[in-house]
Every structure is written in structure tokens, then in C-alpha cells.
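Chemist: Take the sequence shown: its position 83, counted from the start at 1, is 83 in full-length UniProt numbering, and no numbers get skipped.
In this text, a Cβ means the ideal position worked out from N, Cα and C, and glycines have one as well.
Bear in mind that the values here come from a model prediction, so they are computed numbers and not experimental data.
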Amino acid sequence: MRLQKALNQCNELIATEQQYCRLSPPHQVELEAIQYRQTQIYHKFYLPDGTQETIEVESWTRAKDFSKKIAARLGLLNSLQGFGLFIKLGEKVVCMPDKEYFFDFINQIQDWARKNSRREQVINGGRRVVNSQINFNYQVHFMRKLWLDVEPGKDLRQDIIFNYPQELPKYLRGYHKIDKNEAIHFAALILRAQTRDDKQPPIQHLQHILHELIPIDLLKSHNPNEWKKLISAELQKEGMPKTSTEAKLCFLQRIAKEPTFGSAFFEVKQSADPTLCSKLLIAINQDGMSLYELESKKYIRTHGFKQLLNWQSANTYFHLTLDNGNRLLFETILGHKLDDLLTSYIQTLISKQEKENGKQKYPHFQKLLYFYININLIMDRPLQY
């Protein structure tokens, strides 16, 4: 027993030597494993379909290693392209860079949360107290981050675990331009998807769950009873899916026809460009950055990745410079996510093209990324990859 334990420790030392040094001291999870003399650490992670599992991690595990283990567990086809680890702490969700040590990144996020939670409150007598009632517990989520060449039906497992549960909330927030008739069909599909295969959809309670079936911008176009009649009639039509899985796949195949399919959406304000309305919806996908009027979902224009010369973000804004010299300034608290997504898409497109034919089809991207990285280094800002 002692010999085996010694061998395990030697193997850990050898593996640690072969890696770059970690930047943070051991995380609390690691310390507890040492305290209770555990040689293995199992960590919980969550999937978009609501399921959760545990997987073994080591002190030198990086985000990419964690993702590979999850992919092997789930039997994902092809590669990990487009998937990522996300850390959720309170209201904040941050994507973990592939090359980061898992526990180092957790330490960094929790330290950041502690520093930002130290809001002093002035009470009677001028005495100051620090708010210590903050929960620093975190969750690890494995999700699709980039939507590149996603074809519903190509990999049913990905469709059910990732694509459907990640696309549904975007649809219900009204980010896709859908008319009322299409909304009725989608509602019937969603209701069938929510219902067990051996049960009938709960038509009698439909008016209580309409917010789970109809986009928020169309919800008031009919009263609850009218929606109930229309959706009930749609469910009776020939050709409607009979199982939950079939309904989810039909939903994805139909929504995939929309130009906004697979987009990450951001509601922003702007006042710098008089030709644009003040409230915009930004959609970022494999085609670039598209702008829409927030209320009407009217399409304005798309800026391909080649047109994006430089960008920078702060706590309350996102500033973008185009190749023609024009500048866009958006008011948003999610600038760091816009920053991260644009960089990730460009990096992935470059890598993908180089693997396909060994040529630099996107030399402009290379220059753009090189410029962006150097700007960040000059400004002493952390890169958000």
C-alpha cells in the first residue's frame, strides 16, 4: 500500500515537472483531497440539457484536458471544435481558455469575485462594514461556444444535449424574426419536445406555460385561449412528430434556416452613429457580426471578420473599428464576451483553414489578431481567449 502510494506521488511529481508551472496555490478542492488522503479528485460538471456528471481531474489538468475527457465520456463525434468550459459564479459566466490550468482559473475567478464583493456600507456612527454574505460557490458547464458548420441531424447526440437546449432560450427571447404562423408551429414542436413519449401534451394547462412556448415579442399577439386553440389544432395536424426527440430535431432543422441560427446575441445601445437606431441587437456567428433593430428585428448589415480591424472593451462599452475607418461604440456590460467571441471565431477560422489546405487563406485575420494581441499587451489588459 505504501509502495503504491509512493509510486503515485512520484508519477505526480514527474507529470508536474513536464508541465509549465502553475500560477496559483492549490485550490480548496485540492487541499481537501490532501487532508482526507484522497489520491483522486472528481469534479462535477453540468450540460445544457440539465444533466450533470462527475469526471476525474488532476492538479495539472488544463481546460482542454477536461474538455477532452468530457467528449470521450459523451462520445462526441469528430472533434471538440466549438465546445468550451464555462465557469458560472453567481450571475457571471466566463469561458475558460483551453490552455489554462483548471484549478488556477477557478482561483482567479473566485479571487476576482471576492475583490469585487468588498462593497463597504456606511451605517450609524460612520462605522464601515464589509459585506461578507457572498456565496463564492461555482459551477462548471460544458457547452457549445462557437457554431461552425452545425447541421441539425448530423449528430443526434449533440442536437439533444447541446444544440436544442442552447437554441431554445434564444428563440423564446424573440431574437429570431418569426411570424405568428411559424410561432404556432414552433410552439407545438416545443410542447411535444417537453412531453414524455408515453404521455399526451398537457393542452388543458397550456395557458400557464405559454412563456415556455412563444417568443416574448409575440406573446401578446393572441390571448391565452386563442393560443391554446391554435397550438392544439397544430398538434393534430398530420406529420407532427410523435416523440420528444423527433420534435427537438424538427425544431432545430426549421430554426437552422434562419440567418440568425447559431448566433450569440447582445442587446446594446449606441448614439455615435446617427444612421443607426439607438437600440440594437448584435448577432455574432460564423459569418461575422450582424446588426439588427432591437424592436423590429429588421436587418441592418453584416460586418464580416475581415472588416473588423480592431476592438476594445471595458465594463460599460465595446468599441469597434472597421477597415474603412468607421467606428462603432456600443453601450453594454457584456463587452468582454463580445471581445472573447470575436477573437475565438477568428482564431478557429484561421486554424481550420490551415488544417484543411496548409495555406493561409486568411492573411488579413493573422494581421488583425497579431495587432489585437499587441494592443492588449501594450495596454496591459488580460487576453480573453
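Distance check for K69 and I284, CA to CA, integer angstroms please.
Modeler: Position 284 of the sequence shown, counted from the first residue, corresponds to residue 284. Position 69 of the sequence shown, counted from the first residue, corresponds to residue 69. Approximately 28 Å, taken between the alpha carbons.
Chemist: DSSP three-state call for residue 406: helix, strand or coil?
Modeler: Since the displayed the chain opens at 1 and closes at 385, residue 406 lies outside it and no answer follows.
Chemist: Taking the alpha carbon of R301 as the point to measure from, which residue in A314, L309, D287, Q312 has its own alpha carbon closest?
Modeler: The residue labelled residue 301 in the question sits at position 301 within the sequence shown. Selected option, being the one with the closest Cα: D287.
Chemist: Could you check the C-alpha separation between G239 and L189 for me, to the nearest Å?
Modeler: The count along the sequence shown starts at 1 and reaches residue 239 at position 239. The count along the sequence shown starts at 1 and reaches residue 189 at position 189. Rounded to whole angstroms, G239 to L189 spans 11 Å at the Cα level.
Chemist: Is DSSP giving W311 helix, strand or coil here?
Modeler: For the purposes of this step, residue 311 is identified with residue 311 of the sequence shown, where counting begins at 1. It is a strand residue.
Chemist: Alpha carbon to alpha carbon, what distance is there between R173 and L329?
Modeler: In the sequence shown, the residue the question calls residue 329 occupies position 329. In the sequence shown, the residue the question calls residue 173 occupies position 173. Each residue's Cα considered, the two are about 24 Å apart.
Chemist: Select from N107, G75, K99 the residue whose C-alpha is nearest the C-alpha of K88.
Modeler: Here residue 88 corresponds to residue number 88 of the sequence shown, with the count starting at 1. Ranking the options by Cα distance to K88, first place goes to N107.
Chemist: How about F86 and V94: are their beta carbons less than 8 Å apart?
Modeler: For the purposes of this step, residue 86 is identified with residue 86 of the sequence shown, where counting begins at 1. For the purposes of this step, residue 94 is identified with residue 94 of the sequence shown, where counting begins at 1. Yes, the pair counts as a contact, with Cβ atoms nearer than the cut-off.
Chemist: Specify the secondary structure class of S296 as computed by DSSP and reduced to three states.
Modeler: For the purposes of this step, residue 296 is identified with residue 296 of the sequence shown, where counting begins at 1. The answer is coil: DSSP assigns S296 none of H, G, I, E or B.
Chemist: Taking the alpha-carbon positions, what's the I373 to F251 distance?
Modeler: As a working mapping, residue 373 is identified with position 373 in the sequence shown. As a working mapping, residue 251 is identified with position 251 in the sequence shown. Residue confidence is low: I373 scores 47 on pLDDT, short of 50, so the model does not pin down where it sits. Its coordinate-derived value is still stated next. Cα-Cα distance, rounded: 39 Å.
Chemist: What's the gap between the Cα of T275 and the Cα of E293?
Modeler: Taking the sequence shown and counting its residues from 1, one reaches residue 275 at position 275. Taking the sequence shown and counting its residues from 1, one reaches residue 293 at position 293. When rounded, the distance between both Cα atoms is 12 Å.
Chemist: Find out if the Cβ-Cβ distance for the pair H208, L219 is shorter than 8 Å.
Modeler: Translated into the one-based positions of the sequence shown, residue 208 becomes position 208. Translated into the one-based positions of the sequence shown, residue 219 becomes position 219. Not closer than 8 Å, so no.
Chemist: Bridge partners of F142, per DSSP?
Modeler: Residue 142 sits at position 142 when you count from the first residue of the sequence shown. In DSSP, F142 forms a bridge with L85.
Chemist: Name the residue from S221, W311, D159 whose alpha carbon lies nearest to the alpha carbon of V150.
Modeler: Stepping through the sequence shown from its first residue, residue 150 is reached at position 150. When each option's Cα is compared against that of V150, the closest is D159.
Chemist: With a cut-off of 8 Å, do at least 3 Cβ pairs link the region 228-246 to the region 266-273?
Modeler: No, the region 228-246 is not in contact with the region 266-273.
Chemist: Report buried or exposed for G125, applying the criterion of at least 16 other Cβ atoms within 10 angstroms of its Cβ.
Modeler: Against the sequence shown, residue 125 aligns to sequence position 125. Residue confidence is low: G125 scores 49 on pLDDT, short of 50, so the model does not pin down where it sits. No coordinate-derived value is stated.
Chemist: What did DSSP end up calling F105 once you bin it into helix, strand or coil?
Modeler: Looking up residue 105 in the sequence shown gives position 105. The answer is helix: DSSP assigns F105 an H, G or I state.
Chemist: Looking at the secondary structure, which residues open and close the beta strand (DSSP E) in which C95 lies?
Modeler: As a working note, residue 95 is residue 95 in the sequence shown. Unbroken beta strand (DSSP E) run through C95: 92-95.
Chemist: Considering only their Cβ atoms, is the gap separating L338 from V322 smaller than 8 Å?
Modeler: For the purposes of this step, residue 322 is taken as the residue at position 322 of the sequence shown. For the purposes of this step, residue 338 is taken as the residue at position 338 of the sequence shown. A small fix is needed here, since residue 322 is Leu in this sequence, not Val. Not closer than 8 Å, so no.
Chemist: Check the DSSP bridge columns for T321 and list the partner residues they point to.
Modeler: Here residue 321 refers to the residue found at position 321 of the sequence shown. DSSP lists N310, R327 as partners of T321.
Chemist: Can you tell me whether DSSP reads L156 as helix, strand or coil?
Modeler: In the sequence shown, residue 156 corresponds to position 156, counting from 1. L156 falls in the helix class under three-state DSSP.
Chemist: In chain order, which beta strand (DSSP E) runs of at least 3 residues are fully inside the region 28-87?
Modeler: If we require 3 residues or more, the beta strand (DSSP E) runs fully inside the region 28-87 come out as 41-46, 52-57.
Chemist: Going by C-alpha to C-alpha distance, which of K44, V57, K180, H319 sits closest to N223?
Modeler: The residue labelled residue 223 in the question sits at position 223 within the sequence shown. Taking only the C-alpha atoms, the option nearest N223 is K180.
Chemist: Using a C-beta cutoff of 8 Å, does N324 count as contacting chain D?
Modeler: In summary, chain D is missing from the structure at hand, where a single protein chain is found.
Chemist: Can you tell me whether L320 is buried or exposed? The criterion is at least 16 other CB atoms within 10 Å of its CB, across all chains shown.
Modeler: Start at 1 with the first residue of the sequence shown, and residue 320 comes out as number 320. Buried, by the Cβ-count rule.
Chemist: Answer yes or no: do L23 and D104 have a C-beta to C-beta separation smaller than 8 Å?
Modeler: What you label residue 23 is simply residue 23 of the sequence shown in a count that begins at 1. What you label residue 104 is simply residue 104 of the sequence shown in a count that begins at 1. Yes, the Cβ-Cβ distance between L23 and D104 is below 8 Å.
Chemist: For F45 versus F142, is the C-beta spacing smaller than 8 Å?
Modeler: Within the sequence shown, numbered from 1, the residue matching residue 45 stands at position 45. Within the sequence shown, numbered from 1, the residue matching residue 142 stands at position 142. Closer than 8 Å, so yes.
Chemist: Leaving out five residues before and five after P201 in sequence, what residues of the same chain have Cβ atoms less than 7 Å from its Cβ?
Modeler: For the purposes of this step, residue 201 is identified with residue 201 of the sequence shown, where counting begins at 1. Contacts found: L191, R192, T195, L235.
Chemist: To test your reading of the DSSP string, which unbroken alpha helix (DSSP H) runs of 4 or more residues are found completely within the region 205-267?
Modeler: Taking only runs of at least 4 residues, the alpha helix (DSSP H) segments lying wholly in the region 205-267 are 224-235, 244-255.
Chemist: Just curious, the beta strand (DSSP E) that I282 is in, first and last residue?
Modeler: As a first step, residue 282 must be located in the sequence shown, where it is residue number 282. Looking at the DSSP string, the run of the beta strand (DSSP E) that includes I282 is 279-285.
Chemist: On the criterion of 16 or more Cβ atoms from any shown chain inside 10 Å, does I216 qualify as buried, or is it exposed?
Modeler: Your numbering for residue 216 matches position 216 in the sequence shown. I216 comes out exposed.
Chemist: For K115 and V140, what's the separation of their Cα atoms in angstroms?
Modeler: Numbered from its first residue, the sequence shown carries residue 115 at position 115. Numbered from its first residue, the sequence shown carries residue 140 at position 140. About 21 Å.
Chemist: Can you check which of these residues, A113, Y164, A63, is closest to G50 by C-alpha distance?
Modeler: Working through the sequence shown from its first residue, we reach residue 50 at position 50. Nearest C-alpha to G50: Y164.
Chemist: Quick one: Cα of E226 to Cα of S232, how far?
Modeler: Along the sequence shown, one-based indexing puts residue 226 at 226. Along the sequence shown, one-based indexing puts residue 232 at 232. Cα to Cα, E226 sits roughly 10 Å from S232.
Chemist: Only counting the same chain, and skipping five residues up and downstream in sequence, which positions put a Cβ closer than 8 Å to that of Q28?
Modeler: Counted from its first residue, the sequence shown places residue 28 at position 28. Hits under 8 Å: none found.
Chemist: Going by DSSP, what residue range makes up the alpha helix (DSSP H) through H336?
Modeler: Along the sequence shown, one-based indexing puts residue 336 at 336. Per DSSP, H336 belongs to the alpha helix (DSSP H) from 335-357.
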